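J.: Take this structure, written in structure tokens, and hold onto it; I'll ask about it next.
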Amino acid sequence: MLCTLTFAQDTKVWNNKQCAVVLTYDDAIDINLDNVIPALDSLKLKATFYLIGSSPVINKRLSEWRKVALNGHELGNHSLFHPCDGSLPGRSFVGPENDLSKYTITRAVNEIRLNNTLLNAIDGKTIRTFAYPCGDLKIGGVNFYTALQKDFAGARGVSSGLQNAAQVDLDNINCYSINGQSAEYMIALVKKAQQSHTLLVFLFHGVGGGHSLNVGLSEHSKLIHYLKEHEKEIWIAPMVDVAQNIKTVQSSVTH
Ligand SMILES: [Zn+2]
Numbered sequence: 001m002l003c004t005l006t007f008a009q010d011t012k013v014w015n016n017k018q019c020a021v022v023l024t025y026d027d028a029i030d031i032n033l034d035n036v037i038p039a040l041d042s043l044k045l046k047a048t049f050y051l052i053g054s055s056p057v058i059n060k061r062l063s064e065w066r067k068v069a070l071n072g073h074e075l076g077n078h079s080l081f082h083p084c085d086g087s088l089p090g091r092s093f094v095g096p097e098n099d100l101s102k103y104t105i106t107r108a109v110n111e112i113r114l115n116n117t118l119l120n121a122i123d124g125k126t127i128r129t130f131a132y133p134c135g136d137l138k139i140g141g142v143n144f145y146t147a148l149q150k151d152f153a154g155a156r157g158v159s160s161g162l163q164n165a166a167q168v169d170l171d172n173i174n175c176y177s178i179n180g181q182s183a184e185y186m187i188a189l190v191k192k193a194q195q196s197h198t199l200l201v202f203l204f205h206g207v208g209g210g211h212s213l214n215v216g217l218s219e220h221s222k223l224i225h226y227l228k229e230h231e232k233e234i235w236i237a238p239m240v241d242v243a244q245n246i247k248t249v250q251s252s253v254t255h
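Going by my numbering, the sequence shown opens with residue 1, and the numbers climb by one from there.
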């Protein structure tokens, strides 16, 4: 009986389909507009683009981002300057001006809110999701997103895993970071999500180039064609829509 209930609840939260798949693309790079949007739009699939407000690709191609949003994709918040914790190992790429470990919580919160203002000026939307730059959650041991919970429908982290609606932590949503993996690997993950009625989030940077973290254009194409072919069973939606459904289900559960 419990299984039946869980199943019913999970398919309802996934728009009455077996599972949800969210495609997310980080860092506001040219390749999003040049390769990803045409590929997604040719199949009428909607995704989330986590934008860095200070990226020159926002300034240069602002009207294109506006069209992306008008077309049903989410412009997510990936902060204003993409600060990462430079005190962690392997972070020699972090300059002193963008070192999250040197930030105060207030500065991080204010910059992220300012990026929301910028995104609102582009798309007119007041609800969206956040993605942690470099997956860094804390400043001096304190989680800065706590002060931002009311500003967002949810926040994507970088830990991997498939979760049902009850398991998802909306303050740190799991995802699978893709860098060089094959279409077979990605489609196998989708099949696992279908079988387990869970949420699967992909995190992409470059698609057919444009970033040091990359996935081949044809591999990405095979994945999205698989999703399109199984659209009746898989809810493919921007993160903001999926997060809002999860929030509704989680808040309706009485303990
Ligand atoms: Zn990033």
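Where is the CB? At the ideal position from N, CA and C, for every residue including glycine. In this text the structure is predicted, and so the values were computed from the model without any measurement.
Below 7 angstroms, is the gap between the Cβ of Pro56 and the nearest heavy atom of ligand 1?
T.: no
J.: By Cβ distance, which residues of its chain are closer than 7 angstroms to Ile122, with the 5 residues on each side in sequence left out?
T.: Leu62, Trp65, Arg66, Ala69 and Leu75
J.: Identify the continuous beta strand (DSSP E) that holds Asp41 and give its terminal residues.
T.: No beta strand (DSSP E) contains Asp41, which is instead part of the alpha helix (DSSP H) from Ile37 to Leu43.
J.: Just how far apart, CA to CA, sit Asn245 and Lys102?
T.: 36 angstroms
J.: Which word fits Phe93, buried or exposed, when buried means at least 16 other C-beta atoms lie within 10 angstroms of its C-beta?
T.: For Phe93, the number of other beta carbons within 10 angstroms of its own is below 16, and it is reported as exposed.
J.: By a C-beta neighbour count over all protein chains shown, 10 Å radius and 16 as the cutoff for buried, is Thr248 buried or exposed?
T.: exposed
J.: On a Cα-Cα basis, can you pick out the residue from Val240, Lys191 and Ala165 that is closest to His73?
T.: Scanning Val240, Lys191 and Ala165 for the CA closest to the CA of His73 turns up Val240.
J.: So Lys46 and Trp235 are supposed to be a Cβ contact under 8 angstroms. How far apart are they, rounded?
T.: With 8 angstroms as the limit, Lys46 and Trp235 do not qualify as a contact, their Cβ atoms being about 11 angstroms apart.
J.: Where do the ends of the beta strand (DSSP E) carrying Ala20 lie?
T.: Cys19 to Asp26
J.: Within its chain, find whatever has a CB closer than 8 angstroms to the CB of Ile29; leave out the 5 residues flanking it on each side and keep chain order.
T.: Ser55, Val57, His205, Gly206, Gly210 and His211
J.: In chain order, what residues of the same chain have a beta carbon less than 7 angstroms from the beta carbon of Asn35, not counting five sequence neighbours either side?
T.: Val207, Gly208 and Leu217
J.: Suppose contacts are defined by Cβ-Cβ distances below 8 angstroms. Is Ile132 in contact with Ala155 by that definition?
T.: For the sequence presented, residue 132 should be read as Tyr rather than Ile. Yes, the Cβ-Cβ distance between Tyr132 and Ala155 is below 8 angstroms.
J.: Which of the three DSSP states, helix, strand or coil, is assigned to Gly154?
T.: coil
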